[in-house]
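Visitor:
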Ligand code: OSB
Ligand code: MG
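Numbering (our numbering), first residue to last: 1 to 372.
1) Just how far apart, CA to CA, sit residue 146 and residue 321?
2) Just how far apart, CA to CA, sit residue 173 and residue 109?
3) For residue 89 versus residue 271, is the C-beta spacing smaller than 7 Å?
4) Please report how far the alpha carbon of residue 373 lies from the alpha carbon of residue 87, in whole angstroms.
5) With a threshold of 6 Å (Cβ to nearest heavy atom), would residue 187 be considered close to the ligand OSB?
6) What I want to know is whether the C-beta of residue 221 ends up closer than 6 Å to one or more non-hydrogen atoms of the ligand MG.
7) Cβ of residue 247 within 6 Å of any heavy atom in the ligand MG?
8) Express the C-alpha separation of residue 234 and residue 353 in angstroms, rounding to a whole number.
9) Going by C-alpha distance, which of 199, 103 and 169 is nearest residue 189?
10) Leaving out five residues before and five after residue 150 in sequence, what residues of the same chain have Cβ atoms less than 6 Å from its Cβ?
11) Report yes if the CB atom of residue 100 is closer than 7 Å to the CB atom of residue 68, and no otherwise.
12) What residue from 134, 260 and 167 has the CA that sits closest to residue 156's CA?
13) Tell me the rounded alpha-carbon separation between residue 165 and residue 192.
14) Among the residues of its own chain, which have a CB less than 6 Å from the CB of residue 73, if the five just before and after it don't count?
15) Just to check, is the beta-carbon of residue 214 closer than 6 Å to a non-hydrogen atom of the ligand MG?
16) Determine the burial state of residue 212: buried for a count of at least 16 other Cβ atoms within 10 Å of its Cβ, exposed for fewer.
17) Return the Cβ separation of residue 61 and residue 265 in integer angstroms, given the expectation that the two are a contact with Cβ distance under 8 Å.
18) Compare the beta carbon distance of residue 300 and residue 350 with 7 Å and say whether it is the shorter of the two.
19) Relative to the ligand OSB, is the shortest distance from any of its heavy atoms to the C-beta of residue 290 smaller than 6 Å?
20) Have a look at residue 316 and residue 27 and give me their C-alpha separation to the nearest angstrom.
21) Between residue 338 and residue 132, is the Cβ-Cβ spacing less than 7 Å?
22) How about residue 239: is its Cβ closer than 6 Å to a heavy atom in the ligand MG?
23) As a quick exercise: from 126, 221 and 153, pick the residue whose alpha carbon is nearest that of residue 136.
24) Thinking C-alpha only, which one of 201, 158 and 208 is nearest residue 178?
25) Taking the alpha carbon of residue 329 as the point to measure from, which residue in 296, 346 and 307 has its own alpha carbon closest?
26) Please return the same chain residues whose Cβ sits closer than 8 Å to the Cβ of residue 230, not counting the five positions on each side in sequence.
27) Suppose you measure from the CA of residue 371 to the CA of residue 63; what does that come to, to the nearest Å?
28) Kindly provide the ranges of any beta strand (DSSP E) runs that are 3 or more residues long and lie completely inside the segment 239 to 272, ordered along the chain.
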């Protein structure tokens with residue numbers, strides 16, 4: 001396949017509700033849509049997931065721009081590809097910068113699936129027609145506010161809630177949540193807010209019957225998570241600590257977690273995500289698909305990935321209307337009874353809503369193979 005042209009659209013979209021984590025609060029989403037165009041004018045789309053500041057990993061919107069424009073696009077336009085699993089090798093001349101790579105690789109995958117006339121889910125080996133989804137609830141101003149937010153999401157039909165925790169917003173909060181909802185599926189996500197010195201608090205969470213505890217300790221740690229996992233009955237799930245197949249393998253071998261959250265951006269694209277998925281399937285480690293507050297394109301990629309069979313827990317890929325007044329795709333992503341239908345039309349299976357996308361666009365740049 002030959003990519004003839006890449007268009008970088010930079011968008012800013014306002015979240016319906018601010019999203020608070022142990023690191024800070026998000027109100028807007030500033031990101032890129034990568035559009036890859038072939039000689040026939042067919043278009044594939046990818047979405048970047050880095051945030052404006054490097055709190056989650058070291059990448060930012062600006063490092064994504066630099067790496068995509070100055071390194072990845074020239075590498076991609078330079079020579080034709082046979083198929084998208086090669087993109088990761090083509091990009092290996094650039095160390096890390098996983099979110100930048102994933103945004104570009106995602107556009108190639110979508111284009112490839114459209115060229116073949118199959119859905120993206122099919123192109124990567126997905127088997128499901130519906131995926132189970134949950135919702136990730138940010139830190140709230142009060143427990144009462146949290147309880148009414150959970151009420152609303154359960155009414156909407158979400159299959160599980162993920163609650164963000166941090167020191168001081170953990171045991172008491174969960175005690176009250178469990179009193180009100182003794183049976184619902186709950187997990188927590190600390191985004192690295194604890195250390196091993198907090199082990200007594202973390203052990204107290206065992207009694208709330210959580211599906212899992214996501215990334216309690218340092219973002220770059222595997223060893224201490226292994227020590228912690230030995231002391232907990234709650235399964236640990238790693239998010240930030242898993243940035244590659246090698247990390248996933250080490251985490252499983254060391255016993256650092258019993259479940260892995262796969263995010264396409266964090267691991268550098270769909271091909272690396274598939275490798276982690278296949279390894280976890282062999283090792284009987286359940287995986288699920290995390291979220292980065294994506295707009296419609298990134299959301300569509302997550303849906304396709306989650307169609308793979310080892311995605312065994314509900315993901316964080318909620319419906320478009322949980323985040324946006326108006327999403328950039330048509331139709332928007334909708335959820336019914338806690339599930340999202342996996343599209344079967346070619347590629348990501350959603351059309352771009354161009355007037356809406358353009359209303360959020362703050363910049364557009366075109367790169368062609370003739371510029372090289
Ligand atoms: O840790 O999973 C996380 C959002 C931004 C950055 C990191 C995380 C999250 C979420 C929300 O938990 C997931 C979503 O709803 O997209
Ligand atoms: Mg997380």
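Cβ coordinates follow ideal geometry from the N, Cα and C atoms, glycine included.
Guide: Let me spell this out:
1) 19 Å
2) 42 Å
3) no
4) Nothing can be reported for residue 373, as the shown portion of the chain is limited to 1 through 372.
5) no
6) no
7) no
8) 42 Å
9) 169
10) 161
11) yes
12) 134
13) 10 Å
14) 6 and 367
15) yes
16) buried
17) Wrong, their Cβ atoms sit about 12 Å apart, outside the cutoff.
18) yes
19) yes
20) 18 Å
21) yes
22) yes
23) 153
24) 208
25) 296
26) 255
27) 22 Å
28) 259 to 262
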